[in-house]
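Below is one structure; the comments refer to it alone.
Residue numbers (the numbering used here): 1 to 184.
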């Protein structure tokens, strides 16, 4: 893979869906493309992947706590928001999409998304019926209206046993979208 993301700072926010394990490969691909990757692991995301795994893949500490100072003079969520070339939320669950669409900032990831001036990409993943729910679709439309980019889920077999639109887009597709958004 070419170093298309050389010099870029990617904040990878990992939500609480079974597809969180796929973010390990995504983080690895971002690093291979030359990016510095800083992971924010939500409380729900930590049920599916560990901070140690993400730190080993990115070479950077994993952020989990909104009230943890990075350095004496830095406030974590502002520092992360300011350093971002882009924020990628994956898997972007119905819960995460709803929180941001409603301006709820009750964890580190939603607060960084609210505070950043960088582009934000939501890579959606959830049960097919959740994705089709009219409230979820209204929230997606609201995020788009406010300038956020949404990658819709892929179709196929889902972890819950259903089949349909709900799978996290493939890591390579997410990387391509990030490169396009950053104009590399």
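For each residue, glycine too, the CB sits at the ideal point set by N, CA and C.
Residue closest to residue i, alpha-carbon to alpha-carbon, out of the options
i: residue 65; options: 108, 150, 141, 130; result: 108
i: residue 152; options: 160, 165, 146, 79; result: 165
i: residue 139; options: 155, 120, 98; result: 98
i: residue 93; options: 86, 32, 13, 117; result: 13
i: residue 47; options: 20, 33, 57, 54; result: 20
i: residue 176; options: 15, 33, 156, 42; result: 33
Environment of residue i [buried if 16+ CB atoms lie within 10 Å]
i: residue 72; result: Residue confidence is low: residue 72 scores 40 on pLDDT, short of 50, so the model does not pin down where it sits. Its coordinate-derived value is still stated next. Classification for residue 72: exposed.
i: residue 67; result: exposed
i: residue 180; result: exposed
i: residue 172; result: exposed
i: residue 147; result: exposed
i: residue 5; result: buried
i: residue 102; result: exposed
i: residue 125; result: buried
i: residue 39; result: buried
i: residue 85; result: buried
i: residue 56; result: exposed
i: residue 117; result: exposed
i: residue 17; result: buried
i: residue 52; result: exposed
i: residue 183; result: exposed
Three-way DSSP call (helix, strand, coil) for residue i in this model
i: residue 91; result: strand
i: residue 66; result: coil
i: residue 79; result: helix
i: residue 41; result: strand
i: residue 122; result: strand
i: residue 149; result: strand
i: residue 163; result: strand
i: residue 10; result: strand
i: residue 172; result: helix
i: residue 179; result: helix
i: residue 35; result: coil
i: residue 72; result: Since pLDDT at residue 72 reaches only 40, below the 50 mark, its modelled position is unreliable, and no value is offered.
i: residue 154; result: strand
Supposed contact pair residue j and residue i - C-beta distance, whole angstroms, cut 8 Å
i: residue 60; j: residue 36; result: 7 Å
i: residue 23; j: residue 49; result: 7 Å
Notebook entry, point to check: If we count Cβ pairs, one from each stretch, closer than 8 Å, do we get three or more for the region 27 to 36 versus the region 107 to 124?
Noted result: no
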